[in-house]
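Undergrad: For the sequence shown, the working numbering assigns the number 7 to the initial residue and increments by one for each residue that follows.
For glycine and all other residues, C-beta sits at the position ideal for the given N, C-alpha and C.
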Amino acid sequence: MPVSLPFSVLSDAFAAAPHRFFAPLRERAPVHHEPAIDSYFVSRYQDVKRILTDHEAFTTEVFQERAEPVMRGRVLAQMSGAEHTAKRKIVVRGFTGAALQQQMRAIRANAADLMAPFLRRGRMDLVNDFGRPFAVHAALDVLGLDRSDWRRVADWYGGVAEFVTSLALTPERRRHCLNCAEQLEAYLVPVIRERRSRPGEDLISTLCTAEFEGVGMSDRDVTALILNVLIAAAEPADKTIALLFKHLIDHPEQLAQVRRDPDLLGAAIAETLRFTPPVQLVPRRAEESTVIAGTTLPAGATVFCMIGAANRDPAAFGAPDTFDIHRTDLGTARSFTAAAQHMAFGTGLHQCVGAAFARAEIETVAAMLLPLLDKVRYSPGFRYRETGLYTRGPVSLSLDFTPVP
Ligand code: HEM
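1. What is the DSSP secondary structure of ASP406, counted as helix, strand or coil?
2. Could you pull out every residue in the same chain whose Cβ sits closer than 7 Å to the Cβ of VAL68, ignoring the five residues on either side in sequence?
3. Note down the Cα distance separating HIS39 from VAL166, rounded to an integer number of angstroms.
4. Under a three-way DSSP split, which group does MET130 fall into?
5. Would you mind sorting MET7 into buried or exposed? The rule is 16 or more other CB atoms within 10 Å of its CB.
6. Tell me the DSSP secondary structure of LEU375 in three-state form.
7. Measure the alpha-carbon distance for PHE388 versus LEU403 and round it to whole angstroms.
8. Within the same chain, show all residues whose beta-carbon is closer than 7 Å to that of THR302, passing over the 5 residues directly before and after it, in chain order.
9. What's the gap between the Cα of ALA29 and the Cα of ILE313?
10. Who does GLU392 pair with in a DSSP beta bridge?
11. Should THR229 be labelled buried (16 or more other beta-carbon atoms within 10 Å of its own) or exposed?
12. If you measure between the beta carbons of LEU4 and ALA174, is that distance less than 8 Å?
13. Using only CA atoms, which one of THR370, ALA361 and GLY272 lies nearest to THR102?
14. In the DSSP assignment, what residue or residues form a beta bridge with VAL221?
15. Under the criterion of a Cβ to heavy atom distance below 7 Å, does PRO242 qualify as lining ligand 1?
16. Taking the alpha-carbon of LEU209 as reference, which of ALA345, THR393, ASP147 and GLU62 has the nearest alpha-carbon?
17. Going by alpha carbons, who is nearest to ALA145 out of SER172, HIS257, THR397 and VAL97?
18. Any idea what DSSP makes of MET7, helix, strand or coil?
19. Specify, as a first and last residue, the run of the alpha helix (DSSP H) that ILE57 falls within.
20. Between VAL235 and VAL170, which are expected to be in contact by the criterion C-beta below 8 Å, what is the C-beta distance as a whole number of angstroms?
21. Using a Cβ-Cβ cut-off of 8 Å (strictly less than) and excluding sequence neighbours within five positions of ARG80, which residues of its own chain qualify?
22. Does the separation of the CB atoms of CYS2 and GLU168 fall below 8 Å?
23. Do the region 350-359 and the region 376-390 make contact, defined as three or more Cβ pairs closer than 8 Å?
24. Tell me whether the beta-carbon of ALA350 lies closer than 8 Å to the beta-carbon of LEU250.
25. Between GLN109 and ligand 1, is there a pair consisting of the residue's CB and a ligand heavy atom that are separated by less than 7 Å?
26. Go through its chain and collect everything with a Cβ distance to ALA364's Cβ below 6 Å, but skip five positions before and after it.
27. Using the three-state DSSP reduction, which class does ASP18 fall into: helix, strand or coil?
28. Would you mind working out which of VAL371, ALA262 and VAL382 sits nearest ILE331, comparing C-alpha positions?
29. Kindly examine ligand 1 and report whether one of its heavy atoms sits closer than 7 Å to the Cβ of GLN357.
30. VAL221: buried (16+ other C-beta within 10 angstroms of its C-beta) or exposed?
31. Kindly provide the ranges of any beta strand (DSSP E) runs that are 3 or more residues long and lie completely inside the region 104-176, ordered along the chain.
32. How many Å lie between CYS214 and ALA92 at the Cα?
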């Protein structure tokens with residue numbers, strides 16, 4: 007079906023299959039203005055890279071409106087300078103080095119528990135039966151929150167995430183999201199107080215005891231950073247797990263290669279992130295009037311970097327619409343570092359702090375699942391559908407495989 011411009015990012019056609027619009031946008035409307043939300047959508051690789059790395063001209067001030075009302079305080083994304091560097095370091099400590107080793111043990115145990123009942127049946131919805139609870143449990147473990155509370159915590163932070171990522175929110179949804187944020191804060195404050203008096207090894211304890219410029223963080227600061235990690239960690243990870251399996255099932259020869267050589271998993275995860283990044287949009291604010299691809303972005307403009315479109319720009323990747331775990335223009339080792347060629351983790355100062363954790367988490371789980379899901383295929387009658395404009399992933403992924411006794 008040919009794609010016609012002008013079009014709307016808010017249209018049903020775009021929501022159904024955004025990737026069909028990426029090439030026409032890059033070629034004919036590389037800076038697309040969306041009047042209904044007075045925002046600009048930038049789709050070329052070089053332009054996205056420039057916006058995410060020119061920290062003077064494009065700032066994360068947008069998050070003040072998008073995040074602060076529900077995050078209860080300031081999140082990493084909206085900080086800059088020394089405060090950002092120092093607090094980012096504190097958060098990073100929570101899931102690297104020795105902490106990471108310990109977390110991977112918990113992740114293996116958690117994954118084994120969650121998958122066991124489905125393995126016996128030979129059928130599993132990789133999104134709803136496994137990926138979602140798994141990724142939420144993993145984030146709760148890092149923070150030191152009780153796993154048994156996962157459903158209500160996930161519902162609350164779902165509301166918070168909806169507020170941050172919605173392009174247009176009705177007054178009812180807005181109220182719902184603010185209500186979720188209040189309930190989540192009410193749940194977290196007693197935990198924070200308890201960790202202040204009896205700190206443990208978890209990230210909440212680290213946040214409670216850390217100091218910035220000689221001063222400890224307030225309950226509000228700690229709450230905001232907890233929400234930051236909860237929202238940032240769980241959703242993209244569960245979407246990536248499902249997308250990885252979808253792409254491998256759709257490319258049986260590559261699935262067979264990964265089964266034979268699990269060392270290829272890192273490359274398969276990196277290519278999944280390039281091909282279908284779960285975070286599709288990264289917003290910024292233009293601080294001064296700036297020309298991008300011949301279009302003037304006025305000072306104060308909201309700009310959405312289209313990560314999905316940039317990651318499929320032929321100026322950056324050969325045969326960009328092909329899923330290929332062997333591509334030589336990506337590079338597995340650097341795909342989870344600041345030198346990543348794809349932009350699924352963003353780029354520049356605010357690039358994802360959880361990239362190494364995400365790789366370890368997804369690789370660990372995929373390495374466990376692959377040998378267990380013998381003859382894995384879509385369940386009869388299953389229809390693949392994706393949802394989301396800001397973050398995007400499969401609604402479900404129902405798989406059949408040989409039951410494990
Ligand atoms: C495949 C999984 C993941 C993807 C695709 C992803 C993607 C992203 C992206 C695109 C950003 C940049 C936002 C911006 O520039 O404004 C980001 C930031 C962030 N991510 Fe991730 N993320 C993932 C997993 C994780 C995990 C597992 C954690 C924590 C354990 C995490 C924590 C964060 C935090 C705290 C930030 C804010 C960093 C800052 O502003 O300095 N992410 N992530």
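TA: Quick look at the numbers:
1. Against the sequence shown, residue 406 aligns to sequence position 400. If DSSP states are grouped into helix, strand and coil, ASP406 belongs with the strands.
2. Stepping through the sequence shown from its first residue, residue 68 is reached at position 62. Excluding sequence neighbours, VAL68 sits near PRO289, ARG290, ARG291 and THR308.
3. To locate residue 39, count along the sequence shown from 1; it is residue 33. To locate residue 166, count along the sequence shown from 1; it is residue 160. If I take the Cα positions, the gap works out to 26 Å.
4. Here the question's residue 130 lines up with position 124 in the sequence shown. Here MET130 sits in strand by DSSP.
5. For the purposes of this step, residue 7 is taken as the residue at position 1 of the sequence shown. For MET7, the pLDDT reaches just 42, beneath the cut-off of 50, and the residue's location in the model is therefore unreliable, although a value from the coordinates is still provided. MET7 comes out exposed.
6. Taking the first residue of the sequence shown as position 1, residue 375 is located at position 369. Reduced to three states, the DSSP call for LEU375 is helix.
7. As a first step, residue 388 is located in the sequence shown; it is residue number 382 there, counting from the start. As a first step, residue 403 is located in the sequence shown; it is residue number 397 there, counting from the start. So the alpha carbons of these two residues sit roughly 8 Å apart.
8. Indexing the sequence shown from 1 puts residue 302 at position 296. Closer than 7 Å at Cβ, skipping near neighbours: SER295.
9. Position 23 of the sequence shown, counted from the start, is the residue given in the question as residue 29. Position 307 of the sequence shown, counted from the start, is the residue given in the question as residue 313. Taken atom to atom, the span from the alpha-carbon of ALA29 to that of ILE313 is near 13 Å.
10. Position 386 of the sequence shown holds residue 392. According to DSSP, GLU392 bridges with PRO400.
11. Taking the first residue of the sequence shown as position 1, residue 229 is located at position 223. It is buried - the Cβ of THR229 has at least 16 other Cβ atoms within 10 Å.
12. Past the edges of the chain, shown from 7 to 411, lies residue 4, and the structure says nothing about it.
13. Within the sequence shown, residue 102 is the residue found at index 96, counting from 1. Per the Cα distances, ALA361.
14. Locating residue 221 in the sequence shown gives position 215, counting from the first residue. Looking at the DSSP assignment, VAL221 forms a beta bridge with PHE218.
15. Within the sequence shown, numbered from 1, the residue matching residue 242 stands at position 236. PRO242 Cβ: within cutoff of ligand 1.
16. Within the sequence shown, the letter at position 203 stands for residue 209. Looking at the Cα atoms, ASP147 is the closest of the given residues.
17. Along the sequence shown, read from residue 1 onward, the residue named residue 145 stands at position 139. The option with the nearest alpha carbon to ALA145 is VAL97.
18. Counting from 1 along the sequence shown, the entry for residue 7 is found at position 1. Below a pLDDT of 50, predicted positions are generally treated as unreliable, and MET7, at 42, falls in that range; no measurement from the model is reported.
19. Counted from its first residue, the sequence shown places residue 57 at position 51. Under the DSSP assignment, ILE57 falls in the alpha helix (DSSP H) whose first and last residues are 51-59.
20. As a working note, residue 235 is residue 229 in the sequence shown. As a working note, residue 170 is residue 164 in the sequence shown. Between the beta-carbon of VAL235 and that of VAL170 there is about 14 Å, and that puts the pair past the 8 Å contact cut.
21. Stepping through the sequence shown from its first residue, residue 80 is reached at position 74. Within the same chain, GLU74, ASP227 and ALA230 come within 8 Å of ARG80 by CB-CB distance, once the 5 residues on both sides are set aside.
22. No statement about residue 2 is possible, as the shown extent of the chain runs from 7 to 411 and does not include it.
23. At 8 Å Cβ cutoff, the stretches do not touch.
24. What you label residue 350 is simply residue 344 of the sequence shown in a count that begins at 1. What you label residue 250 is simply residue 244 of the sequence shown in a count that begins at 1. No, the pair does not count as a contact, with Cβ atoms beyond the cut-off.
25. Indexing the sequence shown from 1 puts residue 109 at position 103. Checking the Cβ of GLN109 against ligand 1 gives no.
26. As a working note, residue 364 is residue 358 in the sequence shown. A distance below 6 Å between beta-carbons, with the five flanking residues on each side excluded, links ALA364 to the following residues of its chain, in chain order: ALA243.
27. Stepping through the sequence shown from its first residue, residue 18 is reached at position 12. Reduced to three states, the DSSP call for ASP18 is helix.
28. One-based indexing of the sequence shown puts residue 331 at position 325. With distances taken between Cα atoms, ILE331 lies closest to ALA262.
29. Taking the sequence shown and counting its residues from 1, the one referred to as residue 357 is at position 351. Result yes, Cβ under 7 Å from ligand 1.
30. Taking the sequence shown and counting its residues from 1, the one referred to as residue 221 is at position 215. Burial is judged here by how many other beta carbons sit within 10 angstroms of a residue's own beta carbon; VAL221 has fewer than 16 and is exposed.
31. Within the region 104-176, the runs of beta strand (DSSP E) that reach at least 3 residues and sit entirely inside it are, in chain order, 129-131.
32. Mapped onto the sequence shown, residue 214 falls at position 208. Mapped onto the sequence shown, residue 92 falls at position 86. Each residue's Cα considered, the two are about 14 Å apart.
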